[in-house]
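Q:
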Amino acid sequence: MPDAMKEPNMGQNQKRVAVIGAGIFGLSLAIALRKKGHIVTVFERNRYDKNKYEPEDDERVQAASVDLNKIFRASYGNKLHYQRLAMESRAAWLSLNEGLEDALFVGCGMLRVQPSDELGALERETLANMERDGFRDTQFVKSNVDDRKRATSQGWSDKLLDFDIPNSTEHRAFDAVLDSLGGLTRCSAACYQYYKMAVSAGVEFIFGSEEGAFQSFIEENSVVDASKKRVVGLKTKDGKSHKAHVVAVAAGSFSTQLLPELSYHLESAAGSLVTYKIDRNNKTLWDKYSPENFPVITWRSAPRACDGKDTGTIYVFPRTEDGIIKIGYRGVKFTNFQTAPNGVPFTQDGQWSIPLPYEDCKAVPPQAEEAIRTFVSIFLPEFDEAEFYTTKLCWYTDSLDNSFVIDYVPHYADQSVFVCTGGSGHGAKFMPVLGEHAADIFDNTDHAESHMRTHWRWREDIPRINGLEEGPDGPRNIGGGPK
Ligand SMILES: Cc1cc2nc3c(=O)[nH]c(=O)nc-3n(C[C@H](O)[C@H](O)[C@H](O)COP(=O)(O)OP(=O)(O)OC[C@H]3O[C@@H](n4cnc5c(N)ncnc54)[C@H](O)[C@@H]3O)c2cc1C
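Quick note, in full-length UniProt numbering, the sequence shown goes up one by one and the last residue is 483.
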């Protein structure tokens, strides 16, 4: 550790850490590092201290974490390690709820509607893994008589909803599995709660489009490894320098632009979100779509393609306390390929996918709208002709294999740059436990106890799959880069 940065009262293993980004990953990491005794400052370009992470408050905010709600699920196909992490997280959400007036985790259940009247292969895998870990009782398969009976006896049968397959002969209905472990997290509210918890724990925050915005690393030659630079802090856009033993990049879908070494590992891609608003006076709809009566619903609108790609997942949440029903389309995650700056180590035809500017994120592409309209006609018939209340693109930070990237960056000496990102569309649910695993990796690297260590390591040695292999010529590209 560079001793010049050591203050007389700092402990032997204590480090000064600068975390870039106050989304879910940055907040969760910052609190856990602070609990381990490190001195932590979070830099964030949005004024979350002022807007309280309210999604409607500032339309320029681009952060996946700033959102009304996210799905909580423990169903992970054959990925038992994420299933187990989700169960750990669920217990943490429930204990967090205990001290709060408004629950951050809402256990409204999640209905996994199948593409047909039979269970799909992924669903069968999920059920087998639930069985293996002793949770099969929490899952209710609509076509299974015993499960239906159990759902009735446990008060879940009203959420085991029937939806007819359009144009099917003999009025066949989609099969579905109700997951009573599933539900939603109130994402923005959880971020604000975590921000307040971080402040109480002694984490410092620097917010603002100038003073909180990362500009560049401050680098020095390393005395330990002459072949690499070591980072000794960062400069913010207001021109100020901030010393740190470690800079931790947790900037979500902007991370590659801060740290281009991530360009092989990550790709920014957009999910499409629309909302409807229910008038509180419309008691029928207000009650029907409340979390008490309506589960989160996900639907794989078509069977997986033969190459294993998900061809059309759409999901809907029960209404919020303000009457907002949110629908998300992730069948196609849209890329925005642009010419990459010089020096970016990994590009595809000289391009990389980065978030569109916020003013171009206010509408969803026609393909998404069409898929959502079909979904609505089946699952929310009352809204078939209704106008959307809002529409928006929200940016995923997809990793090459859908697992997060939480590790030191090997290109820098002295373990001076850490990354905590790569949420890949499923990070929000892990907020209460993510940081603890990440801080364990931060302190102990290969000796970490976290069972996620191998999954989250820096991994240049594995192929880019998960759609990241497509590049600018792929069908998902809505960017205007050279074709
Ligand atoms: C459409 C969509 C749906 C999703 N659905 C689910 C779901 O149902 N369930 C689930 O568990 N997960 C879901 N996720 C994933 C989850 O939302 C993300 O994994 C998580 O929010 C990522 O958090 P983050 O902190 O990495 O990134 P972000 O929330 O993007 O935060 C990064 C922060 O870094 C800041 N920043 C960027 N650049 C700079 C800079 N130069 N200087 C200072 N600060 C900077 C940004 O302002 C931002 O606040 C979804 C994601 C998307 C996009």
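C-beta: ideal position from N, C-alpha, C; glycine also.
(1) The alpha helix (DSSP H) spanning residue 494 covers which residue range?
(2) Where DSSP assigns a beta bridge to residue 338, which residues make up the other side?
(3) Answer yes or no: do residue 164 and residue 110 have a C-beta to C-beta separation smaller than 7 Å?
(4) Does any heavy atom of ligand 1 sit closer than 6 Å to the C-beta of residue 372?
(5) Can you find a heavy atom of ligand 2 that lies under 6 Å from the Cβ of residue 396?
(6) Counting C-beta neighbours from all protein chains within 10 Å, is the total for residue 239 16 or more, i.e. buried, or is it exposed?
(7) For residue 139, which of 403, 438 and 183 has the nearest alpha-carbon?
(8) Hey, quick one: how far does the alpha helix (DSSP H) through residue 488 stretch, first residue to last?
(9) In this structure, how does DSSP classify residue 477 when only helix, strand and coil are distinguished?
(10) In chain order, what residues of the same chain lie with their CB nearer than 7 Å to the CB of residue 9, ignoring the 5 residues before and after it?
(11) From the DSSP secondary-structure annotation, give me the bridge partner or partners of residue 183.
(12) Could you check what DSSP says for residue 413 in three-state terms: helix, strand or coil?
(13) Please report the straight-line C-alpha distance between residue 25 and residue 421, rounded to a whole angstrom.
(14) Going by DSSP, what residue range makes up the beta strand (DSSP E) through residue 66?
(15) Please report the straight-line C-alpha distance between residue 43 and residue 209, rounded to a whole angstrom.
(16) What whole-angstrom Cβ distance do residue 246 and residue 418 have, given they're in contact under 8 Å?
(17) So residue 399 and residue 265 are supposed to be a Cβ contact under 8 Å. How far apart are they, rounded?
(18) Nearest-angstrom Cα distance between residue 141 and residue 176?
(19) Give the C-beta separation of residue 435 and residue 94 to the nearest angstrom, bearing in mind that I take them to be a contact with Cβ-Cβ under 8 Å.
(20) How far does the beta strand (DSSP E) with residue 274 in it reach, from first residue to last?
(21) Rounded to whole angstroms, what's the CA-CA distance from residue 321 to residue 58? Just pull it up for me.
(22) Between which two residues does the alpha helix (DSSP H) holding residue 126 run?
(23) Which residue from 149, 220 and 235 puts its Cα closest to that of residue 228?
(24) Sort out for me which residues DSSP pairs residue 221 with in a bridge.
(25) Label residue 445 either buried or exposed according to how many other C-beta atoms from any shown protein chain fall within 10 Å of its C-beta, with 16 as the threshold for buried.
(26) Would a C-beta distance cut-off of 7 Å place residue 70 and residue 187 closer than the cut-off?
(27) Given this structure, state the Cα-to-Cα distance separating residue 310 from residue 173, to the nearest angstrom.
(28) Is residue 426 near ligand 1, with its Cβ less than 6 Å from a heavy atom?
(29) Closer than 8 Å is the cut-off here; do at least three beta carbon pairs connect the region 385 to 403 with the region 355 to 363?
(30) Mapping the DSSP letters down to three states, classify residue 324 as helix, strand or coil.
(31) Looking only at its chain, what residues have a beta carbon closer than 8 Å to the beta carbon of residue 306, apart from the 5 residues adjacent to it on each side?
(32) Please determine whether the Cβ atom of residue 44 lies at a distance below 6 Å from any heavy atom of ligand 1.
(33) Can residue 20 be considered in contact with ligand 1, in the sense that its beta carbon sits closer than 6 Å to one or more heavy atoms?
(34) Which two residues bound the contiguous alpha helix (DSSP H) that contains residue 400?
(35) State the start and end residues of the unbroken beta strand (DSSP E) segment that holds residue 257.
(36) How many angstroms separate the CA atom of residue 347 from the CA atom of residue 288?
A: This is what the structure gives:
(1) Because the chain in this structure spans residues 1 to 483, residue 494 falls outside the shown range and cannot be described.
(2) 352
(3) no
(4) no
(5) Of the ligands this structure carries, namely ligand 1, none is ligand 2.
(6) exposed
(7) 183
(8) As shown, the chain starts at 1 and ends at 483. That puts residue 488 outside it, with no answer to give.
(9) strand
(10) none
(11) 72
(12) helix
(13) 6 Å
(14) Element bounds for residue 66: n/a, residue is neither H nor E.
(15) 10 Å
(16) 5 Å
(17) 6 Å
(18) 6 Å
(19) No, residue 435 and residue 94 are not in contact; Cβ-Cβ is about 18 Å, not under 8 Å.
(20) 266 to 277
(21) 20 Å
(22) 121 to 132
(23) 220
(24) 229
(25) exposed
(26) yes
(27) With a pLDDT of 47 at residue 310, under the threshold of 50, the predicted position of this residue should be treated as unreliable, though the coordinate-derived value follows. Rounded to whole angstroms, residue 310 to residue 173 spans 21 Å at the Cα level.
(28) yes
(29) yes
(30) strand
(31) For residue 306, the predicted structure reports a pLDDT of 48, less than 50, and the residue's modelled location is therefore unreliable. A value from the coordinates is still provided. Excluding residues within five positions, none has a Cβ falling inside 8 Å.
(32) yes
(33) yes
(34) Looking at the DSSP string, residue 400 is not in any alpha helix (DSSP H), and its letter there is neither H nor E.
(35) Run containing residue 257: none in the beta strand (DSSP E); it sits in the alpha helix (DSSP H), 255 to 258.
(36) 48 Å
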